[in-house]
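Undergrad: This is the structure I want to talk about, given as structure tokens.
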Amino acid sequence: MSPAEEEKSLPLPERWPRASKFALSACAAAVAELVTFPLDLTKTRLQVQGEAAIHRNGAAAGQAVPYRGMLRTAAGIVREEGLRKLWQGATPAVYRHIVYSGVRMVAYEHLRDSVLGRAEDESFPFWKAVVGGMSAGAIGQFFASPTDLVKVQMQMEGKRKLEGKPLR
1 MSPAEEEKSL PLPERWPRAS KFALSACAAA VAELVTFPLD LTKTRLQVQG
51 EAAIHRNGAA AGQAVPYRGM LRTAAGIVRE EGLRKLWQGA TPAVYRHIVY
101 SGVRMVAYEH LRDSVLGRAE DESFPFWKAV VGGMSAGAIG QFFASPTDLV
151 KVQMQMEGKR KLEGKPLR
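Those letters in the sequence shown? Residues 1 to 168, per UniProt numbering, in order.
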């Protein structure tokens with residue numbers, strides 16, 4: 001068997017290890033984001049309502065906020081906007097996590113194997129792992145950050161509609 005035929009007979013993860021890592025980490029991140037997204041939406045609504053109350057009422061903002069706590073906020077969203085609104089803005093969040101997790105995993109492996117390098121005994125020192133992890137996280141966040149803005153804007157559209165404000 002020729003080397004080209006031998007390579008074609010290898011499973012995909014062995015032929016393209018970085019592409020496989022990217023795909024697997026992106027899938028895992030997408031599932032995790034979809035499961036936890038309602039928590040992120042309620043957190044964002046609580047933050048924005050608190051900021052809006054401070055701008056409207058100054059120091060007496062504590063009495064002006066309609067939601068108190070994560071569960072009541074989620075229940076209020078379901079009651080006022082419907083159950084599906086708990087996932088409003090999930091699409092850019094999933095895109096963000098696909099990009100962030102995939103880029104971070106591939107960047108870390110590249111930094112570990114090609115830039116920072118292993119020690120002679122094939123170990124990877126802790127300080128190199130820290131530098132590689134921080135660098136890979138920064139690179140991933142750089143590529144994924146534009147979707148954060150889109151996600152938050154989509155999360156707030158339902159609230160704007162209820163308040164009679166124009167959609168963005």
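Quick reminder that beta carbons are idealized off the backbone N, C-alpha and C, glycines included. Note that this is a predicted model, so its numbers are computed, not measured.
When you compare only the Cα positions, how much space is there between Gln-49 and Pro-125?
TA: Here residue 49 refers to the residue found at position 49 when the sequence shown is read from its first residue. Here residue 125 refers to the residue found at position 125 when the sequence shown is read from its first residue. The straight-line gap from Cα to Cα measures roughly 46 angstroms.
Undergrad: Use the C-beta contact count for Pro-3: other C-beta atoms within 10 angstroms, 16 or more gives buried, fewer gives exposed.
TA: Locating residue 3 in the sequence shown gives position 3, counting from the first residue. Exposed, since its Cβ has fewer than 16 Cβ neighbours within 10 Å.
Undergrad: Under a three-way DSSP split, which group does Trp-16 fall into?
TA: One-based indexing of the sequence shown puts residue 16 at position 16. In the structure shown, Trp-16 sits in coil (DSSP, three-state: anything other than H, G, I, E or B).
Undergrad: At what residue ranges does the stretch 60 to 111 contain a whole run of the alpha helix (DSSP H), taking only runs of 4 or more?
TA: 70 to 81, 90 to 110
Undergrad: So, for His-110: in the same chain, excluding its five sequence neighbours on each side, which residues have a beta-carbon less than 8 angstroms away from its beta-carbon?
TA: Your numbering for residue 110 matches position 110 in the sequence shown. Closer than 8 angstroms at the Cβ level, and outside the excluded window around His-110, lie Arg-18.
Undergrad: CB Ala-144 to CB Arg-96, shorter than 9 angstroms?
TA: Here residue 144 corresponds to residue number 144 of the sequence shown, with the count starting at 1. Here residue 96 corresponds to residue number 96 of the sequence shown, with the count starting at 1. Result yes, Cβ atoms of Ala-144 and Arg-96 sit closer than 9 angstroms.
Undergrad: Whose C-beta lies closer than 7 angstroms to the C-beta of Lys-21 among residues of the same chain, with five residues either side of it excluded?
TA: Counting from 1 along the sequence shown, the entry for residue 21 is found at position 21. Answer for Lys-21: Met-105, Val-106, Glu-109, listed in chain order.
Undergrad: Compare the beta carbon distance of Leu-41 and Gln-88 with 9 angstroms and say whether it is the shorter of the two.
TA: Here residue 41 refers to the residue found at position 41 when the sequence shown is read from its first residue. Here residue 88 refers to the residue found at position 88 when the sequence shown is read from its first residue. In this structure, Gln-88 lies closer than 9 angstroms to Leu-41 by Cβ.
Undergrad: Going by C-alpha distance, which of Pro-92, Gly-102, Arg-45 is nearest Gly-76?
TA: Taking the first residue of the sequence shown as 1, we reach residue 76 at position 76. Looking at the Cα atoms, Arg-45 is the closest of the given residues.
Undergrad: Give the secondary structure of Lys-21 by DSSP, where H, G and I count as helix, E and B as strand, and everything else as coil.
TA: Sequence index remark: in the sequence shown, residue 21 carries index 21 (1-based). It is helical.
Undergrad: Going by DSSP in three states, Gln-141 sits in which element: helix, strand or coil?
TA: Here residue 141 is taken as the residue at index 141 of the sequence shown, counted from 1. Three-state result, Gln-141: helix.
Undergrad: Hey, would you say Val-115 sits closer than 9 angstroms to Gly-132, going by beta carbons?
TA: Against the sequence shown, residue 115 aligns to sequence position 115. Against the sequence shown, residue 132 aligns to sequence position 132. Yes, they are a contact pair.
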